[in-house]
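Presented below is the structure to which this report refers.
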Amino acid sequence: MNSFDQAYHELLTKILESGKDKDDRTNTGTLSIFGHQMRFDLSKGFPLLTTKKVSFKLIATELIWFIRGDTNIKYLLEYNNNIWNEWAFLKWIESDDYNGPDMTDFGNRALTDEAFNEQYQQQLAIFKKKILTDESFMKQYGDLGNVYGKQWRQFETKERVTDQLKDVIEQIKNNPYSRRHIVSAWNPGEIDTMALPPCHTMFQFYVIDNKLSCQLYQRSADVFLGVPFNIASYSLLTHLVARECGLEVGEFIHTFGDAHIYSNHIEAVKTQLERDSYDAPTLKINSDKDIFNLEYEDLEIINYTAHPAIKAPIAV
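Residue numbers for the sequence shown follow my numbering, beginning at 1 and rising by one.
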């Protein structure tokens with residue numbers, strides 16, 4: 001098994017074997033551990049997991065969305081990226097403007113009730129079309145509040161507004177051995193303005209031997225659905241920042257607080273653990289554009305072979 005899938009499988013197995021039953025905000029229930037770390041040597045390939053197919057397009061367009069400081073799902077929907085839909089959709093169905101059928105607990109009900117799923121898909125299609133075609137609706141219901149992109153590019157305090165990502169890139173270029181190459185998405189004064197408080201709360205860059213490494217601290221991790229995206233996203237970010245700063249890539253280090261498997265994901269996890277891996281793919285960047293102007297079309301994953309995707313409900 002390649003080292004990337006191996007590290008991830010070890011985390012899944014650890015949670016299944018030693019995780020404790022723990023209630024959660026979504027009332028789904030989890031198996032949970034506290035504190036874990038994985039390391040990925042980016043010189044060995046790109047850590048897009050192979051024991052289930054993971055969409056690089058979704059990962060890359062979301063990261064570009066973050067890098068641009070965007071917080072509205074319109075850009076994502078333009079690339080058919082639906083990974084943030086549920087939180088925006090929830091805002092709409094809980095508003096006075098919504099007058100359709102009851103969508104309570106839509107994530108779980110859509111998986112078990114065929115008739116409800118048909119209604120849900122109809123309402124979601126209406127919602128997405130409005131986001132893409134109705135500017136007023138898009139501004140009101142497409143925006144997720146002051147989530148990641150806002151914090152990376154416009155972190156606000158009483159004293160100032162800070163473009164953290166731009167600043168940290170300049171710091172790496174001019175003072176590479178600093179221990180202050182940090183970007184924080186956790187802004188206590190704005191948590192209540194976010195559709196979802198940041199799960200990946202802060203990351204730190206580290207330069208040694210002309211190589212750039214990145215460590216992410218993730219306070220809360222949906223290990224089956226979310227973590228494969230997080231691994232690839234921050235590995236891609238490391239590649240992009242290293243390229244911007246004229247450095248090679250080192251490691252991506254993924255450090256967790258509450259790492260959990262939702263109770264309704266356990267069978268899916270067991271299915272994945274039965275699979276062996278393929279060789280890891282590689283990343284190619286086909287552009288000289290700077291990090292703030294790159295498009296998804298400038299990025300390419302080469303030689304990616306993976307087992308089929310495994311579906312599971314998202315907890316909202």
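Each residue gets a CB set at the ideal place from its N, CA and C atoms; glycine is no exception. Here the structure is a predicted model, which is why all the values come from computation and not from measurement.
Beta carbon of L236, beta carbon of L212: below 7 Å?
In this structure, L212 does not lie closer than 7 Å to L236 by Cβ.
Nearest to I64 by CA position, among A309, P198, V241, is which residue?
Minimum Cα distance to I64 is reached at V241.
Between the segment 196–203 and the segment 169–180, are three or more C-beta pairs nearer than 8 Å?
no
What whole-angstrom Cβ distance do L16 and V227 have, given they're in contact under 8 Å?
Contact flag wrong, Cβ pair sits at about 14 Å.
In terms of alpha-carbon separation, which member of I314, Y296, A185, N303 lies closest to L58?
Y296
Short check: CB of K52 to CB of H260, under 7 Å?
no
Name the two residues that bound the continuous alpha helix (DSSP H) containing I64.
56–67
According to DSSP, is I83 helix, strand or coil?
coil
Continuous alpha helix (DSSP H) assignments of at least 4 residues falling wholly in the segment 125–171
Here the runs fully enclosed are 135–141, 148–153.
For L12 and T87, the rounded distance between their alpha carbons:
The residue asked about is misnamed: residue 87 is Trp in this sequence, not Thr. Across the structure, W87 and L12 are spaced so that their CA atoms are roughly 26 Å apart.
Kindly list the residues whose CB is nearer than 8 Å to the CB of M194, restricted to its own chain and excluding five residues on each side of it in sequence; keep chain order.
L144, G145, N146, V147
Simplified DSSP assignment, three categories, for K91
helix
Could you name each continuous alpha helix (DSSP H) segment of 4 residues or more that falls completely within the segment 225–273, going from the start of the chain to the end?
227–244, 266–273
Less than 8 Å between the CB atoms is what I'm expecting for E251 and D113, so what's the real figure, rounded?
Contact doesn't hold; Cβ gap of about 45 Å is too wide.
Taking 7 Å as the threshold (C-beta atoms), are S184 and D5 in contact?
no
Please report the straight-line C-alpha distance between Q123 and G100, rounded to a whole angstrom.
7 Å
Cutting at 7 Å between CB atoms, please list the residues of its own chain near S233, excluding the five before and the five after it.
I59, E62, L63
Pull up the CB-CB distance for I301 and P281, whole angstroms please, since I reckon it's below 8 Å.
Contact between I301 and P281 is confirmed by a C-beta separation of about 5 Å, below the 8 Å threshold.
Is the beta carbon of G142 less than 7 Å from the beta carbon of K74?
A Cβ-Cβ contact shorter than 7 Å links G142 with K74.
Option in N2, I172, V223 with minimal Cα separation from G319
Outside the displayed span of the chain (1 to 316) sits residue 319, for which this structure offers no information.
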